[in-house]
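Peer 1: In the numbering used here, the protein residues as written are 1 to 286. Think of the CB as a built atom: it goes at the ideal place given N, C-alpha and C, for glycine as much as any other residue.
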């Protein structure tokens with residue numbers, strides 16, 4: 001398989017090779033991390049009219065469309081929280097980041113057919129540094145709910161760009177955008193990779209990797225379920241709109257199929273744009 005790409009099996013482990021690829025490129029793709037049956041349960045929950053999608057908000061992409069997202073801080077007791085606590089998700093990130101992690105937040109990004117907005121070039125740590133996280137020992141797992149390809153706005157990343165450190169970000173529309181001159185130079189030096197993945201495939205990526213996605217101009221939607229983690233020893237130095245360190249009780253992978261709670265919004269602490277501490281901090285620096 002290509003570099004930084006692996007296929008999940010029941011005995012999958014984060015080997016020295018997997019860690020080396022993550023450290024070199026800033027990401028690893030694990031194909032079929034979630035089985036077909038697991039994805040069926042998760043997708044039904046995300047699509048439910050009683051589920052998390054009732055808390056959706058939009059961000060201006062500066063190109064005439066909005067990105068649709070729903071984000072929550074606490075894992076909760078439903079299927080989304082179970083997935084976020086499993087060994088093959090949270091446990092894998094603990095090994096990639098080199099220490100105990102806690103749940104920073106989860107979200108669903110919904111790019112609807114013909115209308116889904118773009119996400120600008122950015123680093124997640126471009127936001128999270130503003131939240132008091134002193135180190136980039138953080139990362140996100142991006143689980144494809146739908147097939148993601150170039151036509152419907154798959155993720156684009158600059159491999160190895162996490163080694164450049166945190167790039168300056170500014171407030172653009174309702175998003176934080178990275179310094180485009182730095183992005184251009186890094187893309188010339190390191191190249192561009194389109195993350196084309198199928199339902200159940202997962203991208204684990206470092207908080208400093210530069211990434212973006214285009215608008216969805218296809219006839220197919222492009223949904224993704226994302227879980228962000230922070231290393232326990234990187235507790236934010238001040239309170240903001242995402243959690244301080246909270247111990248995460250991991251679950252065996254079998255818990256996904258055993259979970260009988262598809263939707264339960266209790267205690268999830270949903271995000272709204274008026275709570276966005278990160279963008280406000282960028283405005284204060286302008």
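What does a CB cutoff of less than 6 Å around residue 191 pick up in its chain, not counting 5 residues either side in sequence?
Peer 2: None.
Peer 1: At a cut-off of 6 Å, is residue 1 close to the ligand NAP when judged by its beta-carbon and the heavy atoms of the ligand?
Peer 2: Annotation note on the ligand NAP: not contained in the displayed structure, which lists no ligands.
Peer 1: Return the bridge partner residues of residue 148 from the DSSP annotation.
Peer 2: 197, per the DSSP bridge assignment.
Peer 1: Would you kindly work out how many angstroms separate the C-alpha atoms of residue 119 and residue 150, rounded to a whole number?
Peer 2: Each residue's alpha carbon lies about 14 Å from the other.
Peer 1: I believe residue 53 touches residue 108 by the beta-carbon criterion, under 8 Å. Please report the beta-carbon distance rounded to the nearest angstrom.
Peer 2: Right, their Cβ atoms sit about 7 Å apart.
Peer 1: Taking the Cβ atom as the reference point for each residue, do residue 199 and residue 73 lie within a distance shorter than 7 Å?
Peer 2: No, the pair does not count as a contact, with Cβ atoms beyond the cut-off.
Peer 1: Could you check the C-alpha separation between residue 213 and residue 121 for me, to the nearest Å?
Peer 2: Approximately 8 Å between the Cα atoms of the pair.
Peer 1: Just the Cα atoms here: how many angstroms apart are residue 209 and residue 259?
Peer 2: If I take the Cα positions, the gap works out to 33 Å.
Peer 1: Count Cβ pairs between the stretch 229-239 and the stretch 156-165 that sit closer than 8 Å; are there 3 or more?
Peer 2: Short answer: they don't touch.
Peer 1: Within 10 Å of its beta-carbon, does residue 135 have 16 or more other beta-carbons around it, so buried, or fewer, so exposed?
Peer 2: It is exposed - the Cβ of residue 135 has fewer than 16 other Cβ atoms within 10 Å.
Peer 1: What is the DSSP secondary structure of residue 135, counted as helix, strand or coil?
Peer 2: Coil.
Peer 1: Short of 7 Å in beta carbon distance, which residues of its chain neighbour residue 90, apart from the five on each side in sequence? Order them along the chain.
Peer 2: 84, 101, 229, 248 and 250.
Peer 1: Check for me: the alpha helix (DSSP H) holding residue 83 runs from which residue to which?
Peer 2: Element bounds for residue 83: 79-85.
Peer 1: Using 8 Å as the threshold, is the stretch 263-270 in touch with the stretch 60-76, meaning 3 or more CB pairs across them?
Peer 2: Result yes; three or more Cβ-Cβ pairs closer than 8 Å.
Peer 1: Can you tell which of 106, 116, 221 and 9 has the C-alpha that lies nearest to the C-alpha of residue 62?
Peer 2: The option with the nearest alpha carbon to residue 62 is 116.
Peer 1: Give, in chain order, every unbroken run of the beta strand (DSSP E) that is at least 3 residues long and sits entirely within the stretch 18-52.
Peer 2: For the stretch 18-52, whole beta strand (DSSP E) runs of length 3 or above, ordered along the chain, are 27-31.
Peer 1: Along the alpha helix (DSSP H) that carries residue 189, what are the first and last residues, could you check?
Peer 2: Where residue 189 is concerned, the enclosing alpha helix (DSSP H) stretches over 180-190.
Peer 1: With contact counted as at least three CB pairs below 8 Å, one residue from each stretch, are the stretch 3-14 and the stretch 176-184 in contact?
Peer 2: They do not touch, by the three-pair rule.
Peer 1: Identify, in the order they occur along the chain, each residue of the same chain with its Cβ nearer than 6 Å to the Cβ of residue 29, setting aside the five sequence neighbours on each side.
Peer 2: Correct list, in chain order: 5 and 203.
Peer 1: Buried or exposed: residue 69, going by 16 or more other Cβ atoms within 10 Å of its Cβ?
Peer 2: That one is buried.
Peer 1: If we define contact as Cβ-Cβ less than 7 Å, is residue 28 a contact residue for chain C?
Peer 2: Of the chains in the structure shown, none is chain C; there is only one protein chain.
Peer 1: Taking only the alpha-carbon atoms, compute the straight-line gap between residue 129 and residue 88 and give it to the nearest angstrom.
Peer 2: So the two alpha carbons sit approximately 27 Å from each other.
Peer 1: Whole-angstrom Cβ separation of residue 148 and residue 221, contact assumed at under 8 Å?
Peer 2: Not confirmed; about 10 Å, so no contact.
Peer 1: Please list the segments of the alpha helix (DSSP H) lying wholly inside the stretch 237-265, counting only runs of 4 or more residues, in order along the chain.
Peer 2: Runs found: 255-258.
Peer 1: Excluding the 5 residues flanking residue 156 on each side, which residues of the same chain have their C-beta closer than 8 Å to its C-beta?
Peer 2: So the qualifying residues of the chain are 192, 193, 194, 195, 211, 212, 213 and 214.
Peer 1: Where DSSP assigns a beta bridge to residue 155, which residues make up the other side?
Peer 2: For residue 155, which the question treats as bridged, DSSP gives the partners 195 and 213.
Peer 1: Where residue 24 and residue 65 are concerned, what is the direct C-alpha to C-alpha distance, given to the nearest angstrom?
Peer 2: Roughly 35 Å separates the two Cα atoms.
Peer 1: Tell me whether residue 230 sits in a helix, a strand or coil according to DSSP, three-state version.
Peer 2: In this structure, residue 230 counts as strand in the three-state DSSP scheme.
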